[in-house]
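Participant:
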Amino acid sequence: MFAPVLARRSVLSATGLAPMLRASGSSLMLAQRRLVSTQHVKPTEEIHILNEQRLKRPTSPHLTIYQPQLTWYMSGLTRITGVPLSFALYGASMLYLLHPYFPAIDSAHLVQIAHDLPTWLKGSVKMIFAAPFTYHAFNGIRHLLWDAGYGLTLKGVYATGYTVLAATAVSSIYLAFFV
Numbered sequence: 521m522f523a524p525v526l527a528r529r530s531v532l533s534a535t536g537l538a539p540m541l542r543a544s545g546s547s548l549m550l551a552q553r554r555l556v557s558t559q560h561v562k563p564t565e566e567i568h569i570l571n572e573q574r575l576k577r578p579t580s581p582h583l584t585i586y587q588p589q590l591t592w593y594m595s596g597l598t599r600i601t602g603v604p605l606s607f608a609l610y611g612a613s614m615l616y617l618l619h620p621y622f623p624a625i626d627s628a629h630l631v632q633i634a635h636d637l638p639t640w641l642k643g644s645v646k647m648i649f650a651a652p653f654t655y656h657a658f659n660g661i662r663h664l665l666w667d668a669g670y671g672l673t674l675k676g677v678y679a680t681g682y683t684v685l686a687a688t689a690v691s692s693i694y695l696a697f698f699v
């Protein structure tokens, strides 16, 4: 019993809490000392005060403190290309569901419309669809290789990244202008 009391006293005097103690019967209690006073505010005032405090809070530097790297550009571009490709796929699928109500929406009419377009416009439209599609497909293959455990070194990541970019450029040009 003597050792715990000595330990308690030494910890309290080391932290500066010893003067705040007072004996109350058989146990020690901390004397309450308030350094801050509070006041009642209405809920609308509380929200206003919180908003004012948030305006003075510093913002995180986010991406501006990092050096741009091929890896996060390609990661972002994969996500960005996936969304419009999904919308195009589902939009075209929904368009074919309208065929009973609009008989002009069928394959024969769409092929005739595409045939009547000027060559430069056809190539441009095909490039708009070919570039995100081939990039997303090749980067998906790259991720499958990563899942299998290949190319996970820093050198391998950059080598496969540049390979995906080169394959995207070549295949997009081929699909847009030679097919």
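Its first residue numbered 521, the sequence shown is counted upward by one per residue in the numbering used here.
The C-beta atom is built at its ideal place from N, Cα and C for all residues, glycine as well.
By Cβ distance, which residues of its chain are closer than 6 Å to D626, with the 5 residues on each side in sequence left out?
Facilitator: Start at 1 with the first residue of the sequence shown, and residue 626 comes out as number 106. So the list reads H619, once near-sequence residues are dropped.
Participant: Where does I625 sit, in a helix, a strand or coil, going by DSSP?
Facilitator: Taking the first residue of the sequence shown as position 1, residue 625 is located at position 105. Reduced to three states, the DSSP call for I625 is coil.
Participant: Pick helix, strand or coil for F512, following the three-state DSSP scheme.
Facilitator: There is simply no residue 512 to check, as the chain begins at 521 and stops at 699 in what is shown.
Participant: Cα separation between Y670 and A679?
Facilitator: What you label residue 670 is simply residue 150 of the sequence shown in a count that begins at 1. What you label residue 679 is simply residue 159 of the sequence shown in a count that begins at 1. Rounded to the nearest angstrom, the two C-alpha atoms are 12 Å apart.
Participant: My output table needs one value for L559: the three-state DSSP class, helix, strand or coil.
Facilitator: As a position in the sequence shown, residue 559 is number 39, starting the count at 1. It should be pointed out that residue 559 corresponds to Gln in this sequence rather than to Leu. Three-state result, Q559: coil.
Participant: Leaving out five residues on either side along the sequence, give the residues of the same chain with a beta carbon under 7 Å from the beta carbon of S692.
Facilitator: The residue given as residue 692 occupies position 172 in the sequence shown. Answer for S692: M647, A650, A651 and T654, listed in chain order.
Participant: From the DSSP output, in three-state form, read off P652 for me.
Facilitator: Within the sequence shown, the letter at position 132 stands for residue 652. Helix.
Participant: How about the region 632 to 645 and the region 566 to 578: do they share at least three Cβ pairs that are nearer than 8 Å?
Facilitator: Verdict: no, contact absent.
Participant: Where does the unbroken alpha helix (DSSP H) through Y593 begin, and where does it stop?
Facilitator: By one-based count along the sequence shown, residue 593 stands at place 73. Looking at the DSSP string, the run of the alpha helix (DSSP H) that includes Y593 is L590 to L617.
Participant: Could you tell me if R553 is buried or exposed, where buried requires 16 or more neighbouring beta carbons within 10 angstroms of its beta carbon?
Facilitator: Translated into positions along the sequence shown, residue 553 becomes position 33. Exposed, because fewer than 16 other Cβ atoms sit within 10 Å of the Cβ of R553.
Participant: Does DSSP put T639 in a helix, a strand or coil?
Facilitator: What you label residue 639 is simply residue 119 of the sequence shown in a count that begins at 1. The answer is helix: DSSP assigns T639 an H, G or I state.
Participant: Between which residues of its own chain and T601 is the CB-CB distance below 7 Å, once the five residues before and five after are set aside?
Facilitator: Against the sequence shown, residue 601 aligns to sequence position 81. P652, Y655 and H656.
Participant: Quick check on the burial criterion: 16 or more other C-beta atoms within 10 angstroms. Buried or exposed for F658?
Facilitator: Reading the sequence shown from its first residue, position 138 is the one you call residue 658. Counting Cβ neighbours within 10 Å, F658 comes out buried, since at least 16 surround it.
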